[in-house]
Amino acid sequence: MGSQRALDMFKSNFILGISVLVVLLVSCGAPELSESVKLAYGNLPEEVDFNQHVKPILSDKCFICHGPDKGKIKAGLQLHLPDLAYAELKDSPGKYAIVPGNLKKSEVVHRILTSNPERIMPMPDSHLSLTDYEKAMLVKWIEEGAVYKDHWAFIPPKKTPIPKVESIDKVANPIDNFILARLEKEGLASSPRANREILLRRLSLDLTGLPPTLEEMES
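The following block contains the structure:
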């Protein structure tokens, strides 16, 4: 009974949140999200990280025409660096591909949400297309300020708090907390612990590419 009530409250808050989002988008003049993109928006992570969530989309779907390769640039637009992405469009004076925090003035938003084949991005002849989730991710990223980050290898590591998990009996070390936390978030359960024979076989194949010997297995 309590679980059903909690589920009903979650659904109500979810619908309310999406409704508020749509009102805000329409009121600021941004293009309206389709029903499928609205649904995808509601399933986005609370915090959007450029390297983890946004850069893979840009790399796979946008950089082919608007990336670092100057020989393939179209419309004079490059999106791999913030200074270039925020700059006035060379072929469209007074317009900008990305205006951090402003969906209405960001041409990227209009282009990825339109159904007009002459304006939609990626262009149809590229044989690439954005999923509803990818469109929602880009919208939320721009909405939150379109923050770029350096490649992860150049960012000093920071200590991350160890997440708390329900399956505390399965925790053998802090790394397990992160794995179990993600599994619980996705509604998945971890597999039973493998026996020693299987663990040895996996280890041997990983290290040598060969299965363990009979002597090693008996030992």
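In our numbering, the protein residues as written are 12 to 230. Note that the Cβ used here is the ideal one computed from N, Cα and C, for glycine as well. Keep in mind that this is a model prediction, so the values were computed, not measured.
Beta-carbon proximity of residue i to residue j, cut-off 8 Å
i	j	result
Val-150	Leu-191	no
Ala-86	Asp-102	yes
Ile-123	Met-132	yes
Pro-174	Asn-188	yes
Ala-51	Tyr-144	yes
Ala-147	Val-48	yes
Glu-155	Val-59	yes
Ile-84	His-91	no
Status (buried if at least 16 other CB within 10 Å, exposed otherwise) for residue i
i	result
Pro-222	exposed
Leu-216	exposed
Ile-232	Lying before the first or after the last residue shown, residue 232 is absent from the chain, which here runs from 12 to 230.
Ile-68	buried
Trp-163	exposed
Thr-219	exposed
Beta carbon proximity, residue i to chain C, threshold 8 Å
i	result
Leu-211	No chain C is part of this structure, which consists of one protein chain only.
Among the options, the one whose alpha carbon lies nearest that of residue i
i	options	result
Phe-74	His-64, Gln-89 and Gln-63	Gln-89
Ala-200	Ser-178, Ile-166, Asn-54 and Gly-105	Ser-178
Pro-42	Ala-98, Pro-79, Asp-94 and His-121	His-121
Leu-211	Leu-194, Ser-202, Pro-203 and Ser-230	Ser-230
Integer Cβ distance of residue i from residue j, believed to fall under 8 Å
i	j	result
Ile-153	Ser-117	5 Å
Checklist line | Complete alpha helix (DSSP H) runs within the region 37–91 (minimum length 4 residues, chain order) | finding: 46–53 and 74–77
Next item on the list: Could I get the ranges of all uninterrupted alpha helix (DSSP H) runs contained in the region 172–219, with 4 residues as the minimum, in chain order?
Entry: 185–196 and 207–219
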